[in-house]
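Here the sequence shown is numbered in my numbering, starting from 1 and rising by one per residue. Just so you know, even glycine gets a beta-carbon here, dropped at the ideal spot from N, CA and C. From a predicted model like this one, the values you see are computed outputs, not experimental measurements. Remarks on the structure that follows.
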Amino acid sequence: MTKILHLSDTHLGNRQYGSDTRRDDFTRAFEAAIDCALQENVDAVIHTGDLFHRRTPSLPIVTDCIGILRKLAEEDIPFYGIVGNHDRKMDQQWLDLIRETGTAERLDQTPTMVNHDVALYGIDAVTKPAWHAADFTLEDPPKSDAFRLLGMHQLFEPLVPEFYADHDLTEILDRVGIDLDALALGDYHKTESRIVDGVPAWYAGSTERCATDEIEPRTVSLLEIEDGNLDRRELELDTREFESIRIEFDEGDSHGFARDELDRHQLDDKVAIVKLTGERTPVTSSDVYDMAIDKGAAVCKVDDNRGRRQLDLVDGPQGDIQSADKLIEEKLTDQNLSDIATDIEERVRTDDDLAQTAIDDTMEELIKEAQADAFDERDADPDLNDVDGEVSDE
């Protein structure tokens, strides 16, 4: 029997809600998933994209990732991955660099054999404009009776709601050129599975909650393959709990009312997601944030919707709709923006504690830091200043 652990969408380096605590949570969840692989004594681990949250993760994040992967390498358990839309670069990928450390390999359209009886394939995330022209043809495995498992990072119906999916999964089954036995998928953060045209397909889900609506437990998938048959079961990860709180204010409600509402919830060491509705009062979102932290929350995000007109969505799309924050992040990832541009965008969009009057100063500080880093790189690498053998004055 061959045992494989499938995980996906680890988003290492995600400083969710502007919190260093949440960034560390993503690293701990990844390590917990790798520990599952060690405990189950698997033959291999596959990761189906978005290993990192951004195209240019910080050096400490990459170093932590390699350190965690070394735990697998020390037990001779290979780690195989593909590139997701979040960590996709224009040229060489981070998996190519990590491969040089001996801790990871990158799957492609040629078979990678595990125990001589399972053929692994991988196709990196494909942008919508490139989708129809892409060649998805897979090479035949060296053994005709090998179990053929393909990893991809795309949003497919029928596993993903139609209004959210990018493509139909049956199209891939027609375009790969070989008969597949299973598809291990990434990009959708909820665990879903379906048999499509006789082929089992599933999303392992993300290892940490990337949005407030991702309320289900985080899991990885353990695959047991024997005599051409697949058994898959989900292993739950121990991740930080979220607590959703709704406080509806009436005119005249004071700070004491907000404290009483928070007292109804156990917040110790949790991520508190607080939504304020109803009438505008002297109680600010910053006040509520401070109260939640004082009551033991490790992280707090406050959405202040007081005084806003509520839309009637009864006749709108039904089913699971991805959060606005994640949709924005997905679109921005495809724009190939610079790190400083994405840092500024995320700070303005997600940092509820950033006062309007402090935005200019904060952005100026971020830009100056980026400029300093860029000049440091030029000083460290003379080739960056050398154009056709001459030093540029620019």
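Helix, strand or coil for H189 per DSSP? DSSP places H189 outside both helix and strand once states are collapsed to three, so it counts as coil.
Output the distance between the C-alpha atoms of F147 and T191, rounded to the nearest integer angstrom. Approximately 23 Å, taken between the alpha carbons.
Three-state secondary structure (DSSP) of V199: Shown here, V199 sits in a strand according to DSSP, grouped into three states.
Determine, using beta-carbon pairs with one atom in the region 216-231 and one in the region 137-151, whether at least three such pairs fall under 8 Å. Output reads yes: the region 137-151 touches the region 216-231.
Buried versus exposed call for I195 [16 or more other C-beta atoms within 10 Å across all chains shown]: Within a 10 Å sphere around the beta-carbon of I195 sit fewer than 16 other beta-carbons, which makes this residue exposed.
Local conformation of A211 per DSSP, three classes: For A211, the three-state secondary structure derived from DSSP is coil.
Counting only the same chain and skipping the five closest in sequence on each side, list residues whose C-beta sits under 6 Å from that of D176. Position check: residue 176 holds Val in this sequence, whereas Asp was assumed. These residues qualify, in order along the chain: F136, L138.
Taking all protein chains shown into account, do 16 or more other C-beta atoms lie within 10 angstroms of the C-beta of P282, making it buried, or fewer, making it exposed? So P282 counts as exposed.
Terminal residues of the alpha helix (DSSP H) in which M152 lies: Premise fails: M152 lies in the beta strand (DSSP E), 147-153, not in any alpha helix (DSSP H).
Throw me the rounded Cβ distance for the H132 and D187 pair, which I believe falls under 8 Å. Not confirmed; about 19 Å, so no contact.
Contact check, I82 vs D140 under 8 Å by CB: the rounded distance? Between I82 and D140, the beta carbon gap of about 20 Å keeps them out of contact (Cβ cut-off 8 Å).
Between the CA atoms of V288 and I247 - distance to the nearest angstrom: Taken atom to atom, the span from the alpha-carbon of I247 to that of V288 is near 10 Å.
Are the CB atoms of S19 and G205 within a distance shorter than 9 Å? In this structure, S19 does not lie closer than 9 Å to G205 by Cβ.
Run through DSSP, which three-state label would M291 get? M291: helix per DSSP, three-state reduction.
Which residues in the same chain as P217 place their Cβ atom closer than 6 Å to its Cβ, once the five residues preceding and following it in sequence are excluded? Only E236 meet the Cβ criterion.
Spatial neighbours of T27 within its chain, please: C-beta separation below 7 Å, excluding the five flanking residues on both sides. Counting only residues of its own chain and dropping the five nearest sequence neighbours on each side, T27 has a CB closer than 7 Å to the CB of L12, D64.
Cβ distance (whole Å) where R209 is taken to contact F242 below 8 Å: Taking a contact as a CB-CB distance under 8 Å, the pair R209 and F242 counts as one, their CB atoms being some 6 Å apart.
In this structure, what does DSSP give as the bridge partners for N229? Beta-bridge pairing links N229 to E226.
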